[in-house]
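In this note's numbering, the protein residues as written are 1 to 458.
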(Lines of atoms letter the chains of each structure in order from A and count residues from 1; the text may use other names and numbers.)
(Lines give C-alpha, C1' and ligand atoms only; values in the text may rest on other atoms or scores of the structure.)
Protein backbone atom coordinates (compact mmCIF):
# COMPACT_ATOMS: atom_id res chain seq x y z
CA UNK A 1 0.00 0.00 0.00
CA UNK A 2 1.33 3.42 -0.98
CA UNK A 3 0.52 6.02 1.65
CA UNK A 4 -0.11 9.68 0.93
CA UNK A 5 2.16 12.33 2.38
CA UNK A 6 -0.97 14.25 3.38
CA UNK A 7 -1.38 13.41 7.10
CA UNK A 8 -5.17 13.08 7.09
CA UNK A 9 -5.21 11.04 3.87
CA UNK A 10 -2.62 8.78 5.47
CA UNK A 11 -4.77 8.45 8.59
CA UNK A 12 -7.80 7.64 6.42
CA UNK A 13 -5.90 4.91 4.58
CA UNK A 14 -4.72 3.29 7.80
CA UNK A 15 -8.19 3.55 9.32
CA UNK A 16 -9.61 1.83 6.25
CA UNK A 17 -7.00 -0.94 6.52
CA UNK A 18 -7.79 -1.42 10.21
CA UNK A 19 -11.50 -1.63 9.37
CA UNK A 20 -10.76 -4.18 6.63
CA UNK A 21 -8.86 -6.37 9.08
CA UNK A 22 -11.61 -6.00 11.66
CA UNK A 23 -14.23 -7.02 9.11
CA UNK A 24 -12.17 -10.06 8.15
CA UNK A 25 -12.00 -11.02 11.83
CA UNK A 26 -15.78 -10.83 12.17
CA UNK A 27 -16.49 -12.93 9.08
CA UNK A 28 -14.40 -15.83 10.43
CA UNK A 29 -15.33 -15.50 14.10
CA UNK A 30 -18.10 -18.10 14.13
CA UNK A 31 -15.69 -20.73 12.80
CA UNK A 32 -12.85 -20.21 15.26
CA UNK A 33 -12.63 -21.47 18.87
CA UNK A 34 -14.42 -19.26 21.37
CA UNK A 35 -11.53 -19.51 23.82
CA UNK A 36 -8.50 -17.28 23.39
CA UNK A 37 -5.07 -18.64 22.55
CA UNK A 38 -2.43 -16.96 24.72
CA UNK A 39 0.54 -18.88 23.32
CA UNK A 40 1.83 -16.17 21.02
CA UNK A 41 1.24 -13.08 23.16
CA UNK A 42 4.89 -12.88 24.13
CA UNK A 43 5.51 -11.47 20.64
CA UNK A 44 4.12 -8.14 21.90
CA UNK A 45 6.83 -7.83 24.53
CA UNK A 46 10.10 -6.28 23.38
CA UNK A 47 12.07 -3.12 24.06
CA UNK A 48 10.49 -0.03 22.54
CA UNK A 49 12.50 0.60 19.36
CA UNK A 50 14.47 3.82 19.04
CA UNK A 51 12.68 4.51 15.77
CA UNK A 52 9.04 3.71 15.25
CA UNK A 53 7.90 1.14 12.71
CA UNK A 54 5.48 1.81 9.86
CA UNK A 55 1.76 2.17 10.48
CA UNK A 56 1.04 -0.91 8.35
CA UNK A 57 3.58 -2.98 10.26
CA UNK A 58 1.97 -1.89 13.53
CA UNK A 59 -1.44 -3.06 12.28
CA UNK A 60 0.04 -6.30 11.02
CA UNK A 61 1.62 -7.11 14.40
CA UNK A 62 -1.53 -6.32 16.35
CA UNK A 63 -3.74 -8.30 13.96
CA UNK A 64 -1.41 -11.29 13.57
CA UNK A 65 -0.57 -11.67 17.27
CA UNK A 66 -3.60 -10.09 18.90
CA UNK A 67 -6.54 -11.60 17.02
CA UNK A 68 -5.83 -15.20 18.11
CA UNK A 69 -5.55 -13.92 21.69
CA UNK A 70 -9.11 -12.61 21.78
CA UNK A 71 -12.09 -14.38 23.30
CA UNK A 72 -14.81 -14.63 20.65
CA UNK A 73 -17.29 -12.70 22.79
CA UNK A 74 -18.41 -10.77 19.70
CA UNK A 75 -19.96 -13.96 18.31
CA UNK A 76 -22.89 -16.05 19.46
CA UNK A 77 -21.38 -18.85 21.57
CA UNK A 78 -19.85 -16.81 24.36
CA UNK A 79 -21.94 -17.29 27.52
CA UNK A 80 -19.46 -16.19 30.17
CA UNK A 81 -19.67 -12.78 31.75
CA UNK A 82 -22.69 -10.69 30.75
CA UNK A 83 -21.05 -9.32 27.62
CA UNK A 84 -23.10 -8.31 24.63
CA UNK A 85 -21.89 -8.09 21.06
CA UNK A 86 -22.11 -5.01 18.89
CA UNK A 87 -25.03 -4.30 16.59
CA UNK A 88 -23.99 -3.54 12.98
CA UNK A 89 -25.12 0.09 13.00
CA UNK A 90 -23.35 0.66 16.31
CA UNK A 91 -20.12 -0.90 15.00
CA UNK A 92 -20.23 1.21 11.87
CA UNK A 93 -20.87 4.31 13.96
CA UNK A 94 -17.85 3.54 16.11
CA UNK A 95 -15.69 3.42 12.98
CA UNK A 96 -16.96 6.87 11.97
CA UNK A 97 -16.48 8.21 15.49
CA UNK A 98 -12.87 7.03 15.45
CA UNK A 99 -12.29 9.36 12.52
CA UNK A 100 -14.23 12.19 14.13
CA UNK A 101 -12.27 11.81 17.42
CA UNK A 102 -14.72 13.96 19.35
CA UNK A 103 -14.76 14.65 23.08
CA UNK A 104 -18.36 14.29 24.24
CA UNK A 105 -18.68 17.75 25.72
CA UNK A 106 -20.87 20.58 24.46
CA UNK A 107 -18.13 22.93 23.16
CA UNK A 108 -15.97 20.15 21.69
CA UNK A 109 -18.52 17.74 20.22
CA UNK A 110 -21.94 19.30 19.66
CA UNK A 111 -23.20 16.60 17.29
CA UNK A 112 -22.24 13.67 19.52
CA UNK A 113 -23.68 15.44 22.57
CA UNK A 114 -26.94 15.97 20.66
CA UNK A 115 -27.11 12.23 19.88
CA UNK A 116 -26.31 11.36 23.50
CA UNK A 117 -29.11 13.57 24.79
CA UNK A 118 -31.62 12.01 22.39
CA UNK A 119 -30.44 8.48 23.28
CA UNK A 120 -30.97 9.23 26.98
CA UNK A 121 -34.50 10.49 26.25
CA UNK A 122 -35.29 7.41 24.16
CA UNK A 123 -34.06 5.15 26.97
CA UNK A 124 -36.11 7.00 29.59
CA UNK A 125 -39.21 6.54 27.42
CA UNK A 126 -38.51 2.87 26.68
CA UNK A 127 -37.91 2.07 30.36
CA UNK A 128 -41.01 4.04 31.42
CA UNK A 129 -39.09 6.24 33.83
CA UNK A 130 -40.27 9.68 34.99
CA UNK A 131 -40.19 12.10 32.02
CA UNK A 132 -37.87 14.60 33.74
CA UNK A 133 -35.23 11.94 34.38
CA UNK A 134 -31.80 13.02 33.18
CA UNK A 135 -28.77 10.88 32.54
CA UNK A 136 -25.26 10.59 31.25
CA UNK A 137 -23.09 7.95 29.58
CA UNK A 138 -20.16 6.51 31.53
CA UNK A 139 -17.60 3.79 30.94
CA UNK A 140 -19.89 1.22 32.51
CA UNK A 141 -22.16 0.42 35.45
CA UNK A 142 -19.39 0.88 38.01
CA UNK A 143 -18.81 4.54 37.12
CA UNK A 144 -22.54 5.08 36.71
CA UNK A 145 -22.98 3.77 40.25
CA UNK A 146 -20.19 6.07 41.45
CA UNK A 147 -21.95 9.13 40.00
CA UNK A 148 -25.35 8.21 41.42
CA UNK A 149 -24.18 7.00 44.83
CA UNK A 150 -22.17 10.21 45.22
CA UNK A 151 -25.34 12.15 44.39
CA UNK A 152 -27.38 10.14 46.89
CA UNK A 153 -24.66 10.58 49.54
CA UNK A 154 -24.62 14.35 49.07
CA UNK A 155 -28.40 14.62 49.14
CA UNK A 156 -28.69 12.55 52.34
CA UNK A 157 -25.94 14.59 54.00
CA UNK A 158 -27.56 17.85 52.86
CA UNK A 159 -30.69 16.85 54.73
CA UNK A 160 -28.59 16.62 57.88
CA UNK A 161 -27.03 20.03 57.41
CA UNK A 162 -23.74 18.78 55.94
CA UNK A 163 -23.43 20.74 52.71
CA UNK A 164 -22.11 19.42 49.41
CA UNK A 165 -18.39 19.77 48.93
CA UNK A 166 -17.62 19.58 52.62
CA UNK A 167 -15.21 16.86 53.74
CA UNK A 168 -16.66 13.52 54.81
CA UNK A 169 -14.44 13.67 57.89
CA UNK A 170 -16.83 14.27 60.74
CA UNK A 171 -19.89 13.96 58.50
CA UNK A 172 -23.09 12.57 60.01
CA UNK A 173 -23.66 8.86 59.35
CA UNK A 174 -25.53 7.48 56.36
CA UNK A 175 -27.16 4.09 56.61
CA UNK A 176 -26.85 1.71 53.65
CA UNK A 177 -29.40 -1.09 53.29
CA UNK A 178 -28.84 -3.55 50.46
CA UNK A 179 -29.82 -6.90 49.03
CA UNK A 180 -27.58 -9.66 50.32
CA UNK A 181 -26.83 -10.46 46.67
CA UNK A 182 -26.21 -6.93 45.43
CA UNK A 183 -23.54 -6.88 42.71
CA UNK A 184 -19.91 -6.56 43.77
CA UNK A 185 -19.41 -3.46 41.63
CA UNK A 186 -22.00 -1.61 43.72
CA UNK A 187 -19.97 -2.42 46.83
CA UNK A 188 -16.86 -1.15 45.07
CA UNK A 189 -18.66 2.06 44.14
CA UNK A 190 -19.73 2.57 47.75
CA UNK A 191 -16.09 2.37 48.81
CA UNK A 192 -15.04 4.84 46.13
CA UNK A 193 -17.56 7.47 47.30
CA UNK A 194 -16.47 7.06 50.91
CA UNK A 195 -19.44 5.11 52.25
CA UNK A 196 -17.49 1.89 52.72
CA UNK A 197 -18.87 -1.61 52.57
CA UNK A 198 -18.27 -2.93 56.09
CA UNK A 199 -21.37 -1.47 57.74
CA UNK A 200 -23.98 -2.30 55.12
CA UNK A 201 -27.20 -3.71 56.54
CA UNK A 202 -27.75 -6.68 54.24
CA UNK A 203 -31.29 -7.94 53.69
CA UNK A 204 -31.86 -11.68 53.14
CA UNK A 205 -33.00 -12.91 49.74
CA UNK A 206 -35.40 -15.64 48.69
CA UNK A 207 -34.66 -18.80 46.69
CA UNK A 208 -34.59 -16.76 43.46
CA UNK A 209 -32.09 -14.20 44.80
CA UNK A 210 -34.70 -11.47 45.37
CA UNK A 211 -34.55 -9.13 48.36
CA UNK A 212 -37.27 -9.91 50.93
CA UNK A 213 -38.98 -6.60 51.80
CA UNK A 214 -40.48 -7.99 55.00
CA UNK A 215 -36.94 -8.60 56.28
CA UNK A 216 -35.82 -5.00 55.76
CA UNK A 217 -34.83 -3.06 58.88
CA UNK A 218 -36.60 0.15 59.83
CA UNK A 219 -35.33 2.89 57.51
CA UNK A 220 -35.37 6.69 57.69
CA UNK A 221 -34.48 9.78 55.66
CA UNK A 222 -30.74 9.22 56.10
CA UNK A 223 -30.91 5.76 54.52
CA UNK A 224 -29.67 4.70 51.09
CA UNK A 225 -31.46 1.56 49.91
CA UNK A 226 -29.81 -0.49 47.17
CA UNK A 227 -31.97 -2.81 45.07
CA UNK A 228 -31.16 -4.72 41.92
CA UNK A 229 -32.84 -5.68 38.70
CA UNK A 230 -31.13 -8.73 37.25
CA UNK A 231 -29.46 -11.04 39.76
CA UNK A 232 -26.16 -12.11 38.18
CA UNK A 233 -26.89 -15.82 38.65
CA UNK A 234 -30.67 -16.02 38.24
CA UNK A 235 -31.68 -12.84 36.41
CA UNK A 236 -34.35 -12.19 39.06
CA UNK A 237 -35.38 -8.68 40.10
CA UNK A 238 -36.05 -7.39 43.60
CA UNK A 239 -39.74 -6.57 44.36
CA UNK A 240 -39.38 -2.87 43.64
CA UNK A 241 -42.95 -1.78 44.34
CA UNK A 242 -42.83 -3.05 47.92
CA UNK A 243 -39.36 -1.64 48.48
CA UNK A 244 -40.36 1.73 47.01
CA UNK A 245 -43.38 1.96 49.32
CA UNK A 246 -41.10 1.60 52.34
CA UNK A 247 -38.60 4.13 50.95
CA UNK A 248 -41.27 6.71 50.14
CA UNK A 249 -42.79 6.43 53.62
CA UNK A 250 -39.39 6.92 55.27
CA UNK A 251 -37.91 9.47 52.86
CA UNK A 252 -35.05 7.10 51.99
CA UNK A 253 -33.17 7.22 48.67
CA UNK A 254 -33.84 4.16 46.50
CA UNK A 255 -31.12 3.28 44.01
CA UNK A 256 -31.57 0.47 41.47
CA UNK A 257 -28.63 -1.34 39.88
CA UNK A 258 -29.86 -2.86 36.64
CA UNK A 259 -26.82 -3.20 34.40
CA UNK A 260 -28.37 -5.84 32.12
CA UNK A 261 -31.72 -6.46 33.76
CA UNK A 262 -33.29 -3.02 33.43
CA UNK A 263 -33.98 -3.74 29.75
CA UNK A 264 -36.46 -6.47 30.76
CA UNK A 265 -38.81 -3.59 31.54
CA UNK A 266 -39.73 -3.28 27.83
CA UNK A 267 -41.04 -6.85 27.57
CA UNK A 268 -44.72 -7.74 27.78
CA UNK A 269 -43.66 -11.25 28.86
CA UNK A 270 -41.20 -10.58 31.68
CA UNK A 271 -41.45 -6.83 32.31
CA UNK A 272 -44.12 -7.12 35.03
CA UNK A 273 -41.41 -8.25 37.45
CA UNK A 274 -40.09 -4.67 37.33
CA UNK A 275 -43.32 -3.07 38.56
CA UNK A 276 -42.47 0.01 40.61
CA UNK A 277 -39.17 0.68 38.82
CA UNK A 278 -40.24 4.25 38.05
CA UNK A 279 -40.57 5.03 41.77
CA UNK A 280 -36.83 4.81 42.46
CA UNK A 281 -34.59 7.87 42.76
CA UNK A 282 -31.78 6.64 40.52
CA UNK A 283 -31.03 3.82 38.11
CA UNK A 284 -27.98 2.25 36.47
CA UNK A 285 -28.11 0.43 33.15
CA UNK A 286 -25.53 -0.67 30.60
CA UNK A 287 -25.83 -0.20 26.87
CA UNK A 288 -22.97 -2.63 26.19
CA UNK A 289 -24.77 -5.67 27.60
CA UNK A 290 -28.39 -6.34 26.64
CA UNK A 291 -28.64 -3.50 24.13
CA UNK A 292 -25.45 -4.62 22.34
CA UNK A 293 -23.76 -1.26 21.92
CA UNK A 294 -19.95 -1.54 21.66
CA UNK A 295 -17.83 -1.62 24.78
CA UNK A 296 -17.78 0.42 26.86
CA UNK A 297 -21.10 2.11 27.59
CA UNK A 298 -22.88 2.53 30.91
CA UNK A 299 -25.67 4.95 31.77
CA UNK A 300 -26.47 6.81 35.00
CA UNK A 301 -30.10 7.96 35.25
CA UNK A 302 -31.52 10.17 38.00
CA UNK A 303 -34.92 11.73 38.67
CA UNK A 304 -33.24 14.46 40.78
CA UNK A 305 -31.24 16.11 38.03
CA UNK A 306 -30.61 19.29 40.04
CA UNK A 307 -29.04 17.22 42.83
CA UNK A 308 -26.98 15.24 40.34
CA UNK A 309 -25.64 18.39 38.70
CA UNK A 310 -24.83 19.86 42.10
CA UNK A 311 -22.73 16.80 42.91
CA UNK A 312 -21.02 16.28 39.54
CA UNK A 313 -20.67 19.71 37.90
CA UNK A 314 -17.29 21.40 37.58
CA UNK A 315 -16.09 24.85 36.69
CA UNK A 316 -12.85 26.22 35.30
CA UNK A 317 -11.60 29.57 34.03
CA UNK A 318 -11.36 28.31 30.45
CA UNK A 319 -14.87 26.79 30.31
CA UNK A 320 -17.89 28.66 28.89
CA UNK A 321 -19.98 29.93 31.81
CA UNK A 322 -23.44 28.47 32.33
CA UNK A 323 -23.31 26.25 29.24
CA UNK A 324 -24.90 22.87 30.09
CA UNK A 325 -22.68 19.90 29.38
CA UNK A 326 -22.81 16.13 29.96
CA UNK A 327 -19.70 16.63 32.10
CA UNK A 328 -22.03 18.27 34.66
CA UNK A 329 -23.55 14.83 35.30
CA UNK A 330 -20.56 12.53 34.88
CA UNK A 331 -17.50 11.62 36.96
CA UNK A 332 -15.34 12.08 33.85
CA UNK A 333 -14.63 15.32 32.03
CA UNK A 334 -12.85 13.77 29.03
CA UNK A 335 -15.45 11.41 27.62
CA UNK A 336 -15.65 9.22 24.53
CA UNK A 337 -18.67 9.68 22.27
CA UNK A 338 -20.22 6.39 23.38
CA UNK A 339 -23.69 7.94 23.49
CA UNK A 340 -23.65 8.24 19.70
CA UNK A 341 -23.04 4.49 19.40
CA UNK A 342 -26.03 3.81 21.63
CA UNK A 343 -28.08 6.27 19.57
CA UNK A 344 -27.18 4.16 16.51
CA UNK A 345 -28.07 0.90 18.28
CA UNK A 346 -31.46 2.22 19.40
CA UNK A 347 -32.27 3.78 16.04
CA UNK A 348 -31.40 0.59 14.15
CA UNK A 349 -33.67 -1.46 16.41
CA UNK A 350 -36.55 0.91 17.01
CA UNK A 351 -38.97 0.30 19.88
CA UNK A 352 -40.18 -3.01 18.45
CA UNK A 353 -36.63 -4.21 17.83
CA UNK A 354 -35.57 -3.58 21.42
CA UNK A 355 -38.56 -5.57 22.65
CA UNK A 356 -37.84 -8.38 20.18
CA UNK A 357 -34.19 -8.51 21.26
CA UNK A 358 -35.08 -8.74 24.95
CA UNK A 359 -37.74 -11.41 24.37
CA UNK A 360 -35.40 -13.45 22.15
CA UNK A 361 -32.62 -13.44 24.76
CA UNK A 362 -35.14 -14.70 27.30
CA UNK A 363 -36.46 -17.43 25.00
CA UNK A 364 -32.92 -18.61 24.24
CA UNK A 365 -32.21 -18.78 27.97
CA UNK A 366 -35.35 -20.89 28.45
CA UNK A 367 -34.21 -23.21 25.63
CA UNK A 368 -30.80 -23.51 27.27
CA UNK A 369 -32.25 -24.21 30.73
CA UNK A 370 -34.56 -26.89 29.38
CA UNK A 371 -31.70 -28.52 27.51
CA UNK A 372 -29.32 -28.73 30.47
CA UNK A 373 -32.07 -30.10 32.70
CA UNK A 374 -32.85 -32.83 30.16
CA UNK A 375 -29.25 -34.05 30.43
CA UNK A 376 -29.33 -34.20 34.23
CA UNK A 377 -28.21 -30.79 35.44
CA UNK A 378 -30.28 -28.86 37.97
CA UNK A 379 -31.36 -25.26 37.38
CA UNK A 380 -32.44 -24.19 40.90
CA UNK A 381 -34.33 -21.07 39.84
CA UNK A 382 -36.91 -19.84 37.36
CA UNK A 383 -35.61 -18.34 34.12
CA UNK A 384 -36.41 -14.70 34.81
CA UNK A 385 -34.44 -13.22 31.92
CA UNK A 386 -31.14 -14.25 30.34
CA UNK A 387 -29.21 -15.92 33.18
CA UNK A 388 -29.03 -19.65 33.82
CA UNK A 389 -27.25 -21.15 36.84
CA UNK A 390 -26.62 -24.90 36.58
CA UNK A 391 -25.38 -27.47 39.05
CA UNK A 392 -25.25 -31.23 39.59
CA UNK A 393 -27.24 -31.82 42.75
CA UNK A 394 -25.54 -35.10 43.63
CA UNK A 395 -21.99 -34.07 42.74
CA UNK A 396 -21.65 -30.30 42.24
CA UNK A 397 -17.85 -30.35 42.38
CA UNK A 398 -17.79 -32.11 38.99
CA UNK A 399 -19.05 -28.91 37.40
CA UNK A 400 -15.66 -27.21 37.46
CA UNK A 401 -14.06 -30.00 35.42
CA UNK A 402 -16.98 -30.00 32.99
CA UNK A 403 -16.66 -26.24 32.51
CA UNK A 404 -12.95 -26.52 31.75
CA UNK A 405 -13.50 -29.27 29.18
CA UNK A 406 -16.16 -27.23 27.37
CA UNK A 407 -13.89 -24.18 27.38
CA UNK A 408 -10.98 -26.24 26.04
CA UNK A 409 -13.15 -27.64 23.25
CA UNK A 410 -13.54 -24.14 21.78
CA UNK A 411 -17.24 -24.76 21.09
CA UNK A 412 -18.41 -22.35 23.76
CA UNK A 413 -17.24 -20.38 26.77
CA UNK A 414 -18.90 -19.99 30.15
CA UNK A 415 -17.50 -19.95 33.66
CA UNK A 416 -17.80 -21.61 37.04
CA UNK A 417 -19.96 -19.93 39.66
CA UNK A 418 -21.33 -20.46 43.13
CA UNK A 419 -24.75 -19.33 44.27
CA UNK A 420 -26.47 -19.75 47.63
CA UNK A 421 -23.95 -22.38 48.70
CA UNK A 422 -24.18 -24.38 45.47
CA UNK A 423 -21.21 -24.93 43.17
CA UNK A 424 -21.91 -24.96 39.46
CA UNK A 425 -21.67 -22.73 36.42
CA UNK A 426 -23.52 -19.74 35.07
CA UNK A 427 -24.46 -19.06 31.46
CA UNK A 428 -25.50 -15.63 30.20
CA UNK A 429 -27.33 -15.06 26.92
CA UNK A 430 -26.48 -11.49 25.96
CA UNK A 431 -25.37 -11.38 22.32
CA UNK A 432 -27.72 -10.14 19.61
CA UNK A 433 -26.27 -12.69 17.17
CA UNK A 434 -26.78 -15.78 19.36
CA UNK A 435 -29.08 -18.20 17.55
CA UNK A 436 -30.96 -21.37 18.39
CA UNK A 437 -28.20 -23.23 16.55
CA UNK A 438 -25.63 -21.69 18.91
CA UNK A 439 -27.65 -22.88 21.90
CA UNK A 440 -27.94 -26.36 20.41
CA UNK A 441 -24.19 -26.49 19.75
CA UNK A 442 -23.30 -25.67 23.34
CA UNK A 443 -25.88 -28.18 24.58
CA UNK A 444 -24.40 -30.85 22.30
CA UNK A 445 -20.88 -30.20 23.56
CA UNK A 446 -22.04 -30.08 27.17
CA UNK A 447 -23.84 -33.42 26.74
CA UNK A 448 -20.67 -35.05 25.34
CA UNK A 449 -18.52 -33.72 28.16
CA UNK A 450 -21.03 -34.76 30.82
CA UNK A 451 -21.33 -38.24 29.29
CA UNK A 452 -17.55 -38.68 29.57
CA UNK A 453 -17.71 -37.44 33.15
CA UNK A 454 -20.54 -39.88 33.94
CA UNK A 455 -18.54 -42.74 32.39
CA UNK A 456 -15.54 -42.18 34.66
CA UNK A 457 -17.84 -42.42 37.68
CA UNK A 458 -18.90 -45.95 36.75
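Glycine included, C-beta positions come from ideal geometry on N, C-alpha and C.
The continuous alpha helix (DSSP H) containing residue 113 extends over residues 110-126. Residue burial annotation: residue 306 is exposed, with fewer than 16 other C-beta atoms found within 10 angstroms of its C-beta. Cβ atoms of residue 86 and residue 294 come within 8 Å of each other, at about 4 Å.
Of the other Cβ atoms in all chains shown, fewer than 16 fall within 10 Å of the Cβ of residue 99; this residue is therefore exposed. Taking 8 Å as the cut-off, the beta carbon of residue 228 is found closer than this to the beta carbon of residue 182. Under the 8 Å Cβ criterion, the segment 128-140 counts as touching the segment 283-303, having at least three qualifying pairs.
Around the CB of residue 374, fewer than 16 other CB atoms lie within 10 Å, so the residue is classed as exposed. Under the three-state reduction of DSSP, residue 397 is assigned to coil, being neither helix nor strand. Runs of the beta strand (DSSP E) lying entirely within the segment 202-234, each at least 3 residues long, are 223-228 in chain order.
Each residue's CA atom was taken as its position, placing residue 358 and residue 19 some 29 Å apart. Put simply, the backbone Cα of residue 446 is about 50 Å away from that of residue 156. The DSSP-derived three-state label of residue 312 is helix. Here the alpha carbons of residue 371 and residue 314 stand approximately 53 Å from one another. Between residue 412 and residue 406, the C-beta spacing is below 8 Å. For residue 284, the enclosing beta strand (DSSP E) begins and ends at 282-286.
The C-beta distance from residue 342 to residue 287 rounds to 4 Å, short enough to fall under 8 Å.
Of the other Cβ atoms in all chains shown, 16 or more fall within 10 Å of the Cβ of residue 80; this residue is therefore buried.
Beta bridge pairing from DSSP links residue 391 with 378. Three or more Cβ pairs closer than 8 Å define a contact, and the segment 254-266 meets that threshold against the segment 142-154. With at least 16 other beta carbons inside 10 angstroms of its own, residue 289 counts as buried. Taken through DSSP and simplified to helix, strand or coil, residue 16 comes out as helix. The straight-line gap separating the alpha-carbon atoms of residue 260 and residue 238 is approximately 14 Å.
Segment contact: the segment 389-402 against the segment 434-454, three or more CB-CB distances shorter than 8 Å; contact assigned.
Taking the CA atoms as reference points, residue 90 sits about 36 Å from residue 224.
A distance below 8 Å between beta-carbons, with the five flanking residues on each side excluded, links residue 38 to the following residues of its chain, in chain order: 69. Annotation: residue 82 to residue 8 spans about 38 Å, alpha carbon to alpha carbon. In this structure, the alpha-carbon of residue 232 lies about 11 Å from that of residue 208.
Apart from the 5 residues on each side of it in sequence, residue 426 sits with its Cβ closer than 6 Å to the Cβ of 233, 389, 417 in its chain, given in chain order. Between residue 77 and residue 367 the beta-carbon gap is near 14 Å, outside 8 Å, which marks them as no contact. Taken through DSSP and simplified to helix, strand or coil, residue 4 comes out as coil.
Under the DSSP assignment, residue 91 falls in the alpha helix (DSSP H) whose first and last residues are 88-100. The bridge partners DSSP lists for residue 138 are 298.
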